[in-house]
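Chemist: In this note's numbering, the protein residues as written are 40 to 377.
What follows is a structure written as structure tokens; I'll ask about it next.
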């Protein structure tokens with residue numbers, strides 16, 4: 040691990056500051072970039088995520104994917120965390136904080152919207168960024184791909200019923216364009232590009248492939264930092280205008296994120312999963328598909344609603360928190376076999 044990667048958390052912190060400062064100095068630039076989207080999927084952010092995950096896609100060996108079925112416990116862990124635990128703990132924490140602890144400072148309608156936004160985050164497991172967290176924890180790229188793909192298939196059928204049940208409404212409309220475009224941009228297209236690249240390089244022998252992957256590696260971190268600058272730049276004015284609301288929303292989100300990771304990590308250890316499977320499985324269970332959550336919050340409650348703000352806070356919290364979990368996982372890899 041080079042000095043750049045070793046101090047990645049510091050660079051992310053500086054990127055956060057840069058995003059907030061630039062977002063307030065040149066808001067017009069970020070407004071223009073934010074407008075470049077299709078079905079609530081920002082094309083510039085999608086491009087940067089491509090830069091992040093393409094190096095990992097090149098490492099996926101399709102011949103080895105068939106072996107994933109021989110280790111089903113990692114898939115079992117991901118499914119249990121994402122669909123039987125995470126949505127319900129998020130709803131419970133939202134109710135606890137905004138109906139009890141923070142109730143004196145938040146009016147009931149706004150509190151309900153904050154809870155709704157948190158629920159939408161909890162029901163949307165990560166699709167794109169998890170490839171980055173898997174690479175940073177040296178996870179098995181083949182297994183990670185299968186885990187993400189399985190979650191995407193289940194999400195098509197389970198997102199609306201679970202969200203509707205927890206929100207107490209029956210007409211949750213899934214923005215299919217957002218879901219399908221995101222899966223295509225973040226999984227299908229980079230996977231196809233990675234497979235084609237790997238095929239062409241393998242024809243020249245193993246050395247060109249390993250050299251190409253090594254040259255690409257720094258670009259994953261560069262793409263991550265640029266994404267952080269954009270995300271915080273998009274919300275710079277909100278961060279400075281509503282710091283108290285953002286702080287209140289962030290508290291249960293932080294507890295949820297670290298709590299879910301602790302549950303997943305503990306179960307992975309109990310199941311004796313190899314580290315290369317355990318780490319990405321826990322990251323998938325912990326992170327969120329924020330594009331989908333934001334899109335649904337806007338369509339159900341409006342652009343300026345508390346629900347939309349809660350999903351945006353989820354975006355702002357995720358990157359720094361997930362980097363801290365990457366740091367923890369890398370330093371406890373000896374807890375797991377392999």
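Built from N, CA and C at the ideal position, the CB exists for glycine as well.
Quick caveat: nothing in here was measured; it's all calculated off a predicted structure.
With which residues is residue 76 paired in a DSSP beta bridge?
Modeler: Translated into positions along the chain shown, residue 76 becomes position 37. DSSP lists 81 as partners of residue 76.
Chemist: Exposed or buried, what is residue 239 when buried is set at 16 or more other beta-carbons lying within 10 Å of its beta-carbon?
Modeler: The residue you call residue 239 lines up with position 200 of the chain shown. Residue 239 comes out exposed.
Chemist: Quick check: the Cα distance between residue 143 and residue 119, rounded to an integer number of angstroms?
Modeler: As a working note, residue 143 is residue 104 in the chain shown. As a working note, residue 119 is residue 80 in the chain shown. Whole-angstrom Cα-Cα distance: 35 Å.
Chemist: Who are the Cβ neighbours of residue 233 in its own chain at under 7 Å, not counting the five residues just before and after it?
Modeler: One-based indexing of the chain shown puts residue 233 at position 194. Hits under 7 Å: 93, 96, 97 and 99.
Chemist: Do you know offhand how far residue 220's Cα is from residue 84's?
Modeler: Residue 220 sits at position 181 when you count from the first residue of the chain shown. Residue 84 sits at position 45 when you count from the first residue of the chain shown. The straight-line gap from Cα to Cα measures roughly 13 Å.
Chemist: Any contact between the region 163-178 and the region 317-335? By contact I mean 3 or more CB pairs, one from each, below 8 Å.
Modeler: Touching, per the Cβ criterion.
Chemist: Determine the extent of the alpha helix (DSSP H) in which residue 308 is found, giving its start and end residues.
Modeler: For the purposes of this step, residue 308 is taken as the residue at position 269 of the chain shown. Here the alpha helix (DSSP H) through residue 308 covers 282-309.
Chemist: Give the secondary structure of residue 313 by DSSP, where H, G and I count as helix, E and B as strand, and everything else as coil.
Modeler: Indexing the chain shown from 1 puts residue 313 at position 274. Looking at residue 313 - three-state DSSP - the assignment turns out to be coil, as it is neither helix nor strand.
Chemist: Helix, strand or coil, according to DSSP, for residue 245 in the structure here?
Modeler: The residue you call residue 245 lines up with position 206 of the chain shown. In this structure, residue 245 counts as helix in the three-state DSSP scheme.
Chemist: For residue 274, which option in 46, 47, 68 and 48 has the closest C-alpha, if you only look at C-alpha atoms?
Modeler: Residue numbering aside, residue 274 sits at position 235 when the chain shown is read from its first letter. Considering only alpha carbons, the answer is 68.
Chemist: Taking Cβ positions, are residue 279 and residue 63 nearer each other than 8 Å?
Modeler: The residue given as residue 279 occupies position 240 in the chain shown. The residue given as residue 63 occupies position 24 in the chain shown. Closer than 8 Å, so yes.
Chemist: Look at residue 271 and residue 55 and say whether their C-beta atoms are less than 8 Å apart.
Modeler: By 1-based counting over the chain shown, the position of residue 271 is 232. By 1-based counting over the chain shown, the position of residue 55 is 16. Their beta carbons are under 8 Å apart, which means residue 271 touches residue 55 by this criterion.
Chemist: Is it the case that the region 115-130 contacts the region 249-268, given that we only count it when at least three CB pairs across the two stretches are under 8 Å?
Modeler: Flag = no, the region 249-268 and the region 115-130 do not touch.
Chemist: For the alpha helix (DSSP H) containing residue 134, list its first residue and its last residue.
Modeler: Translated into the one-based positions of the chain shown, residue 134 becomes position 95. Per DSSP, residue 134 belongs to the alpha helix (DSSP H) from 125-135.
Chemist: Contact defined as beta carbons within less than 8 Å: I believe residue 188 pairs with residue 319. What is the distance between those atoms, to the nearest angstrom?
Modeler: Start at 1 with the first residue of the chain shown, and residue 188 comes out as number 149. Start at 1 with the first residue of the chain shown, and residue 319 comes out as number 280. Contact flag wrong, Cβ pair sits at about 13 Å.
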